[in-house]
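S.K.:
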Amino acid sequence: MGGARTMRTRPGETEQHAATARRAARPRRGLTALRGWGGVASMALACLLAVALVLALPQLRGDNGPGGSGGSADADRLTQAAPARADECEAPERSLRPDTKDGPTIEKIKQRKVRKLVVGVDQNSYRWGYRDPNKGVGKLEGFDIDLAREIAERLLGDREAVVFRAIPTNQRIPAIQSGQVDMVVRTMTVNCDRIKDVAFSTAYFETGQQVLAPKTSDITGYNDTLKGKKVCSAAGSTAETALKENSFGADIRTTVPNQLDCLVRLQLGEVDAVVTDSALAAGQAAQDPTVELKGDKPFTTEYYGVAMKKDADDLVRRVNDVLDDFRKDKDGWRASYDKWLADDLGDSAGPPKPKYKD
24 MGGARTMRTR PGETEQHAAT ARRAARPRRG LTALRGWGGV ASMALACLLA VALVLALPQL
84 RGDNGPGGSG GSADADRLTQ AAPARADECE APERSLRPDT KDGPTIEKIK QRKVRKLVVG
144 VDQNSYRWGY RDPNKGVGKL EGFDIDLARE IAERLLGDRE AVVFRAIPTN QRIPAIQSGQ
204 VDMVVRTMTV NCDRIKDVAF STAYFETGQQ VLAPKTSDIT GYNDTLKGKK VCSAAGSTAE
264 TALKENSFGA DIRTTVPNQL DCLVRLQLGE VDAVVTDSAL AAGQAAQDPT VELKGDKPFT
324 TEYYGVAMKK DADDLVRRVN DVLDDFRKDK DGWRASYDKW LADDLGDSAG PPKPKYKD
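Per the numbering used here, numbering of the sequence shown is gapless, rising by one per residue and ending at 381.
1. To the nearest angstrom, how far is it from the Cα of LYS136 to the Cα of ALA302?
2. Please classify GLN232 as buried or exposed, where buried requires at least 16 neighbouring CB atoms within 10 angstroms.
3. Under a three-way DSSP split, which group does VAL204 fall into?
4. According to DSSP, simplified to helix, strand and coil, what is GLN232?
5. Nearest-angstrom Cα distance between ASN157 and LEU163?
6. To test your reading of the DSSP string, which unbroken alpha helix (DSSP H) runs of 4 or more residues are found completely within the stretch 142-186?
7. Spatial neighbours of ILE218 within its chain, please: C-beta separation below 6 Å, excluding the five flanking residues on both sides.
8. What is the rounded straight-line gap between the Cα of GLY318 and the Cα of GLN200?
9. Using a Cβ-Cβ cutoff of less than 6 Å, which residues in the same chain neighbour PHE322 once the five nearest sequence positions on both sides are dropped?
10. DSSP three-state label for ARG350, please.
11. Please report the distance separating the alpha-carbon of VAL186 from that of ARG195.
12. Just verifying my parser: in three-state terms, what is the DSSP assignment at ASP300?
13. Beta carbon of ASP337, beta carbon of THR128: below 8 Å?
14. Bridge partners for THR278 per DSSP, in chain order?
15. Can you name the start and end residues of the beta strand (DSSP E) that GLU315 belongs to?
16. My output table needs one value for THR264: the three-state DSSP class, helix, strand or coil.
17. Does the pairing of the stretch 342-361 with the stretch 166-174 give three or more beta-carbon distances under 8 Å?
18. Quick one: give me the first and last residue of the beta strand (DSSP E) that GLU293 is part of.
19. Kindly indicate the opening and closing residues of the beta strand (DSSP E) around GLU325.
20. Per DSSP, TYR379 forms a beta bridge with which residues?
21. When the Cα atoms are used, what is the spatial distance from VAL213 to LEU291?
22. Can you tell me whether DSSP reads THR243 as helix, strand or coil?
23. Can you list, in chain order, the residues of its chain with a C-beta nearer than 6 Å to that of ALA48? Leave out the 5 residues immediately preceding and following it.
24. Please report the residue range of the alpha helix (DSSP H) in which GLU130 lies.
25. Just verifying my parser: in three-state terms, what is the DSSP assignment at ALA358?
26. Considering only residues of the same chain and omitting the five flanking positions on each side of ASP381, which have a CB-CB separation below 8 Å?
27. For ARG209, is the classification buried or exposed, using 16 other Cβ atoms within 10 angstroms of its Cβ as the cut-off for buried?
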């Protein structure tokens, strides 16, 4: 296991510390007390900007990756299969122990003509991976983007040595398997089904599924109040799987490529509710103050991890080494959480502790 490293101070560190101090002076807020920065008008602008920028951030295409063809024809099978039974999989968030050595996977990355890490991300998840329409055309930013840049700096010595590739939810696994990306850092839940197809780092965030609906709705959570309602989820997401297992009589036929599309449909009145990770739902509620999370807490417990190829053990171990320091360093996990997520999610006890299988 590698020792702790001195990590580079990020731009805006003073601003982050000031924000932390302000939060310490005010009471903790629940998820249902979120305040937004937009509403329908801002979301419309965000959607238009995302469309305008679609050519600026490479999409998942067969001719657009470091190592192969486009998305697999059996993408839905890979990402939407029913979860394994409890006796078939225990603690899927366990990963390989950290190491600082460069193996064959990392060496191939370093030997590229353009020496950059290729990372699959989202460009529509507020606070996680997005472009702020209030800042004009700018770089991707958010918690996942910070983590991806940290990995690039530790592997290649440069936070800018990374190419971001926008990937729909149900194309994350095919993008990894086909070699179009080196890894996916995209609020991706580690579960029993997915570890059959890709390898994961240790968990870097804990979340769970929750219902998002208008404040005026009679929906109270993931329960019988969903009966007869139209509910949206992202194709290939754990939310879609949960709804297929138990819809409570809801109409769950509306699935979309990305979670932002669910929020837009909710705003347009095309659906009555959205089911997604509570961490993402909190960001959506911040974008539109007319909606809120329903239920006291998430109805599942899930963990986000960095996804990589099954046989890329050296890369998995190096990423876990980065995550070890990212969790501990004051300018790492905590600084990114305070900057991007604390205003919407409230205070956090910190990242989940890593679990290992070797």
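Ideal placement from N, C-alpha and C gives every residue a C-beta, glycine not left out.
M.R.: A quick look at the data gives this:
1. Position 113 of the sequence shown holds residue 136. Position 279 of the sequence shown holds residue 302. So the two alpha carbons sit approximately 37 Å from each other.
2. Mapped onto the sequence shown, residue 232 falls at position 209. The residue in question, GLN232, is buried, as its Cβ has 16 or more Cβ neighbours within 10 Å.
3. Within the sequence shown, numbered from 1, the residue matching residue 204 stands at position 181. Three-state result, VAL204: coil.
4. Here residue 232 is taken as the residue at index 209 of the sequence shown, counted from 1. Looking at GLN232 - three-state DSSP - the assignment turns out to be strand.
5. Locating residue 157 in the sequence shown gives position 134, counting from the first residue. Locating residue 163 in the sequence shown gives position 140, counting from the first residue. Approximately 13 Å, taken between the alpha carbons.
6. For the stretch 142-186, whole alpha helix (DSSP H) runs of length 4 or above, ordered along the chain, are 166-179.
7. Your numbering for residue 218 matches position 195 in the sequence shown. Residues PRO115 of the same chain have their beta carbon placed closer than 6 Å to that of ILE218, with the five preceding and five following residues left out of the count.
8. Mapped onto the sequence shown, residue 318 falls at position 295. Mapped onto the sequence shown, residue 200 falls at position 177. Whole-angstrom Cα-Cα distance: 37 Å.
9. Position 299 of the sequence shown, counting from 1, holds the residue named residue 322. Counting only Cβ-Cβ distances below 6 Å, and skipping sequence neighbours, we find GLN232 and TYR245.
10. As a working mapping, residue 350 is identified with position 327 in the sequence shown. Looking at ARG350 - three-state DSSP - the assignment turns out to be helix.
11. Counted from its first residue, the sequence shown places residue 186 at position 163. Counted from its first residue, the sequence shown places residue 195 at position 172. Counting only the Cα atoms, ARG195 lies some 16 Å from VAL186.
12. As a working mapping, residue 300 is identified with position 277 in the sequence shown. It is a strand residue.
13. Within the sequence shown, residue 337 is the residue found at index 314, counting from 1. Within the sequence shown, residue 128 is the residue found at index 105, counting from 1. In contact: ASP337 and THR128 (Cβ atoms closer than 8 Å).
14. By one-based count along the sequence shown, residue 278 stands at place 255. DSSP links THR278 through a beta bridge to SER256.
15. As a position in the sequence shown, residue 315 is number 292, starting the count at 1. Its beta strand (DSSP E) spans residues 314-317.
16. Taking the sequence shown and counting its residues from 1, one reaches residue 264 at position 241. In the structure shown, THR264 falls within a helical segment according to DSSP collapsed to helix, strand and coil.
17. Segments in contact, yes.
18. The residue given as residue 293 occupies position 270 in the sequence shown. Segment: none, GLU293 is in no beta strand (DSSP E) and carries neither H nor E.
19. Residue mapping note: residue 325 aligns to position 302 of the sequence shown, counting from 1. It spans 325-327 - the beta strand (DSSP E) in which GLU325 sits, taken as one unbroken run.
20. On the sequence shown, residue 379 is found 356 positions in, with the first residue counted as 1. Bridge pairing for TYR379: SER118 [DSSP].
21. As a first step, residue 213 is located in the sequence shown; it is residue number 190 there, counting from the start. As a first step, residue 291 is located in the sequence shown; it is residue number 268 there, counting from the start. Spanning the two alpha carbons is a distance of roughly 32 Å.
22. Residue mapping note: residue 243 aligns to position 220 of the sequence shown, counting from 1. Three-state result, THR243: coil.
23. To locate residue 48, count along the sequence shown from 1; it is residue 25. In this predicted model, ALA48 has a pLDDT of only 43, less than 50, meaning its place in the structure is not dependable; the value taken from the coordinates is given anyway. Once the five neighbours on either side are set aside, ALA48 has no close Cβ partner at all.
24. Here residue 130 corresponds to residue number 107 of the sequence shown, with the count starting at 1. Taken as a continuous stretch (DSSP letters only), the alpha helix (DSSP H) holding GLU130 covers 127-133.
25. The residue you call residue 358 lines up with position 335 of the sequence shown. Three-state result, ALA358: helix.
26. Here residue 381 refers to the residue found at position 358 of the sequence shown. Closer than 8 Å at Cβ, skipping near neighbours: LEU119 and ARG120.
27. What you label residue 209 is simply residue 186 of the sequence shown in a count that begins at 1. Per the 10 Å Cβ criterion, buried.
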